[in-house]
Every structure is written in structure tokens, then in C-alpha cells.
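Chemist:
Numbering (full-length UniProt numbering), first residue to last: 1 to 194.
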């Protein structure tokens with residue numbers, strides 16, 4: 001009886017001592033819309049194509065003429081990838097959805113996103129597809145006429161969405177919470193669950 005009691009107490013102690021992960025990103029836990037868009041290779045792809053492979057997806061809305069927010073977010077996500085080991089990197093996919101289908105061709109997207117990291121994928125579609133996808137993710141964007149290389153700028157959401165293989169938007173990384181090392185730790189923890 002003493003041995004059984006000791007084993008039970010030991011089990012409780014081990015459970016109590018186990019360190020829980022505190023997520024760096026904002027917990028969201030909402031269903032992820034399964035969009036279908038055109039990839040940088042000209043093929044139609046769905047979000048579920050990546051999730052079926054048990055990948056975690058980092059999703060960002062932006063455009064290739066973006067002067068500041070997009071390069072910063074893509075650099076951050078490239079650093080996240082560098083903070084993961086090879087096996088972990090194989091299970092993470094960055095998707096960059098263009099909010100400027102007028103100028104962002106698949107070829108231009110490919111050149112742009114792969115400059116930051118070779119496995120990043122750029123996606124585009126017709127304006128209605130982009131609008132619906134952005135709306136489903138509560139992402140904001142609007143064209144702003146002004147002085148720029150392409151004739152206009154686009155104001156847009158700068159949030160990075162972390163989507164898990166069970167098709168949930170698990171975490172949101174707002175611009176103030178985009179530390180690559182801490183984001184990588186969230187991903188490493190979540191990869192153990194899938």
C-alpha cells in the first residue's frame with residue numbers, strides 16, 4: 001500500500017512540475033477559411049492542400065510594392081524558419097496572399113517572396129477571391145492613391161496568422177508581437193501536437 005501511495009504521489013508531482021507552454025502570439029482559436037487561390041506557379045491551390053500534409057501555415061496579406069510592412073513581416077517569418085530545425089521547417093509553410101491582384105502577377109509574387117525564403121509561396125486571385133478571403137480572415141486592405149513607384153499604395157492589416165493542421169487559426173501575431181524566436185517556440189510546441 002505504501003508503494004502504491006508513493007507512486008501516486010510521484011505521478012502527481014511529475015504532472016505538477018511539467019512546465020506548460022505560454023503562447024507568445026495572441027490566442028484566437030477560430031476556424032480557418034479554406035480559400036482557393038492561384039499560386040506563384042500558376043496552379044490553383046487551397047489552404048487545405050497544405051494542412052493535409054500536417055503543416056502549420058503562417059499566413060500574411062500584403063503586396064509586392066509594399067515599402068515597409070511586408071518586407072518586415074517576410075523578414076520576420078524568414079527568421080522564424082531559421083530558428084527551426086530542418087524537420088520542423090519541412091512542416092511549416094508561409095503563404096503570402098496579395099491584396100494587389102492588379103499588379104502582383106504569379107511570377108512577380110514568386111520572385112518577391114522567394115527572395116526572403118526559398119519555400120515561401122505567394123498567392124493571388126481575382127479581386128472577388130481576394131476580397132472574400134480577406135473578409136473571412138477579418139483582414140483589412142484598401143487602395144490609397146499617392147506618390148509611389150506603382151502609382152498607389154495599399155493600407156492593409158499587418159497581422160501574421162498561425163493556422164494549425166486541424167484548420168484552426170490558433171494564434172495571431174500583430175506587429176508589436178512578431179519576435180521570430182518566440183514565434184518559433186510557439187510553432188515547435190504546436191508541432192508536437194500534430
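From the three backbone atoms N, C-alpha and C, an ideal C-beta is built for every residue, glycine too.
Mind listing, in chain order, the continuous beta strand (DSSP E) runs of no fewer than 3 residues lying wholly within the stretch 49–87?
Modeler: Listed in chain order, the complete beta strand (DSSP E) runs (minimum 3 residues) inside the stretch 49–87 are 56–62.
Chemist: To test your reading of the DSSP string, which unbroken beta strand (DSSP E) runs of 3 or more residues are found completely within the stretch 92–151?
Modeler: 92–98, 121–124 and 141–145
Chemist: List the endpoints of the continuous beta strand (DSSP E) containing residue 170.
Modeler: Counting along the chain, residue 170 sits inside the beta strand (DSSP E) bounded by residues 168–173.
Chemist: Give me the Cα-Cα distance between residue 186 and residue 23, rounded to the nearest whole angstrom.
Modeler: The alpha-carbon atoms of residue 186 and residue 23 are separated by roughly 6 Å.
Chemist: Measure the alpha-carbon distance for residue 55 versus residue 145 and round it to whole angstroms.
Modeler: 38 Å
Chemist: Determine whether the beta carbon atoms of residue 50 and residue 93 lie at a separation below 7 Å.
Modeler: Result yes, Cβ atoms of residue 50 and residue 93 sit closer than 7 Å.
Chemist: Would you kindly work out how many angstroms separate the C-alpha atoms of residue 113 and residue 156, rounded to a whole number?
Modeler: Approximately 17 Å, taken between the alpha carbons.
Chemist: If you draw a straight line from the C-alpha of residue 181 to the C-alpha of residue 167, how long is it?
Modeler: 24 Å
Chemist: Just to check my reading of the structure: residue 21 and residue 189 have Cβ atoms closer than 8 Å, yes? What is that Cβ distance to the nearest angstrom?
Modeler: Confirmed, about 4 Å.
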